[in-house]
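The structure under discussion appears below in the form of structure tokens.
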Amino acid sequence: MSYWNTWTVFSESSIDAMWRQINEGVENEVYKPQFLFDIARRHADLLLYRHSRGDAVQAIASKFDGLLVAWEESDRVGAKIWDKETYLLRRSWAKNLDFYNLSFRLIGMAILLDVPDSQWRRLLALIGNNGEDAVLNTVIAYRSPGRVIGSHVCFPRAYKKLHQVLLAEPCDRPALLLSYLEGWFEGLEGAGCGDLDRAFRTPYWWKLCADEAHVMKGGYFGCWSVEAAVVAKALAIDDDACLTHVNYPVDLLADGRSPRYVDIASPFEPAVEADDLAQRKSWLSRILKRK
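Encoded structure:
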């Protein structure tokens with residue numbers, strides 16, 4: 001718990017510091033829209049820090065508006081700076097795995113947190129890509145029935161199995177959902193467009209989950225398949241087999257079925273003084289024991 005408290009507070013203070021820098025003026029105005037989008041992305045990460053800490057769904061949802069404000073300002077400033085090609089690459093599901101994965105996470109969180117309709121509409125306006133994908137647009141249609149469903153799957157290495165869940169008969173969906181969840185993390189590695197540099201073919205957060213050396217430096221906000229949980233909710237899938245899976249964010253479903261684990265010391269955490277604010281207890285113990 002100490003880890004989650006420390007890094008949740010750090011994340012919140014970093015967002016505040018970034019906004020102060022914006023208000024005081026950014027030296028390189030060309031970078032300003034990206035800097036603002038980084039604030040939005042930090043808000044997205046903060047949602048999962050707070051989930052990993054065990055915050056109530058209502059408390060997590062209260063932070064959603066800040067994400068939208070930063071992203072809207074990024075787009076407003078970016079419209080004056082980015083050319084059309086740059087903007088499309090940054091916001092294309094077909095080309096940009098990072099953006100697609102982030103979009104899926106935010107759509108999933110918005111549905112799981114049951115954000116107000118006004119915030120939902122603002123999120124859809126920012127995400128765009130109506131009709132560009134068969135999987136995420138199907139999930140969006142759960143809350144916005146008029147959404148256009150695409151004819152192909154963006155990044156099939158990562159999301160083909162989830163598409164199979166959507167297409168399956170209801171009786172077959174529980175087993176298929178578990179199969180997707182079990183391959184979710186590995187499926188994201190290198191799943192991006194082959195014509196991009198290898199560094200851009202895997203989501204930015206992936207290495208934080210894959211390598212404990214990176215984890216111990218902070219920045220790890222949990223390794224959660226929001227995609228699996230939101231599909232389970234949208235399609236009313238019996239997900240009992242997923243409840244104890246280390247990557248399944250069952251608490252976001254807010255239905256009281258989450259298993260509980262005793263907080264025990266992890267062998268990957270160094271010994272520190274008890275009164276040290278950076279003391280790290282056993283935040284990795286459950287994940288490490290299940291791998």
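Using the working numbering, read the sequence shown as starting at 1 and increasing by one per residue.
Built from N, CA and C at the ideal position, the CB exists for glycine as well.
Local conformation of cysteine 193 per DSSP, three classes = Taking the sequence shown and counting its residues from 1, the one referred to as residue 193 is at position 193. Note: cysteine 193 maps to coil in three-state DSSP.
Among Asp117, Asn130 and Ile140, nearest to glycine 108 - alpha-carbon criterion = Counting from one through the sequence shown, the residue named residue 108 turns up at place 108. The residue with the shortest Cα to Cα distance from glycine 108 is Ile140.
In the structure shown, what three-state DSSP assignment does glycine 131 receive?
-> Indexing the sequence shown from 1 puts residue 131 at position 131. Here glycine 131 sits in coil by DSSP.
Are the beta-carbon atoms belonging to alanine 229 and leucine 208 less than 8 Å from one another?
-> Along the sequence shown, read from residue 1 onward, the residue named residue 229 stands at position 229. Along the sequence shown, read from residue 1 onward, the residue named residue 208 stands at position 208. Taking 8 Å as the Cβ cut-off, alanine 229 and leucine 208 do not qualify as a contacting pair.
Look at alanine 70 and isoleucine 39 and say whether their C-beta atoms are less than 8 Å apart.
-> To locate residue 70, count along the sequence shown from 1; it is residue 70. To locate residue 39, count along the sequence shown from 1; it is residue 39. The answer is yes: Cβ separation under 8 Å.
Buried or exposed: where does threonine 138 fall if 16 or more other Cβ atoms within 10 Å of its Cβ makes it buried?
-> Working through the sequence shown from its first residue, we reach residue 138 at position 138. The residue is buried, with at least 16 neighbouring Cβ atoms inside 10 Å.
Going by CA-CA distance only, name the one from Glu27, Arg90, Leu167 and Gly222 that's closest to serine 52.
-> Mapped onto the sequence shown, residue 52 falls at position 52. Of the listed residues, the one whose Cα sits closest to serine 52 is Gly222.
Which first and last residues belong to the alpha helix (DSSP H) in which tryptophan 224 is found?
-> Translated into positions along the sequence shown, residue 224 becomes position 224. It is not in any alpha helix (DSSP H) - tryptophan 224 carries neither H nor E in the DSSP assignment.
Thinking asparagine 130 and arginine 143 are a contact (beta carbons under 8 Å), I'd like their distance in whole angstroms, please.
-> Start at 1 with the first residue of the sequence shown, and residue 130 comes out as number 130. Start at 1 with the first residue of the sequence shown, and residue 143 comes out as number 143. Wrong, their Cβ atoms sit about 14 Å apart, outside the cutoff.
Three-state secondary structure (DSSP) at methionine 1?
-> As a first step, residue 1 must be located in the sequence shown, where it is residue number 1. Note: methionine 1 maps to coil in three-state DSSP.
Inter-residue Cα distance where the pair is phenylalanine 268 and proline 116 | For the purposes of this step, residue 268 is taken as the residue at position 268 of the sequence shown. For the purposes of this step, residue 116 is taken as the residue at position 116 of the sequence shown. Low confidence applies to phenylalanine 268: its pLDDT is 35, below 50, so where it sits in the model is not reliable, and the reading given next is rough at best. Distance between the alpha carbons of phenylalanine 268 and proline 116 is about 40 Å.
Is glycine 256 helix, strand or coil when you go by DSSP?
-> Looking up residue 256 in the sequence shown gives position 256. Coil, per DSSP.
Is there contact here, the segment 175-186 with the segment 232-244, by at least three beta-carbon pairs under 8 Å?
-> yes
Identify whether arginine 293 lies in helix, strand or coil by the three-state DSSP scheme.
-> Absent from the model: residue 293. The displayed extent of the chain is 1 to 291, so no value can be given.
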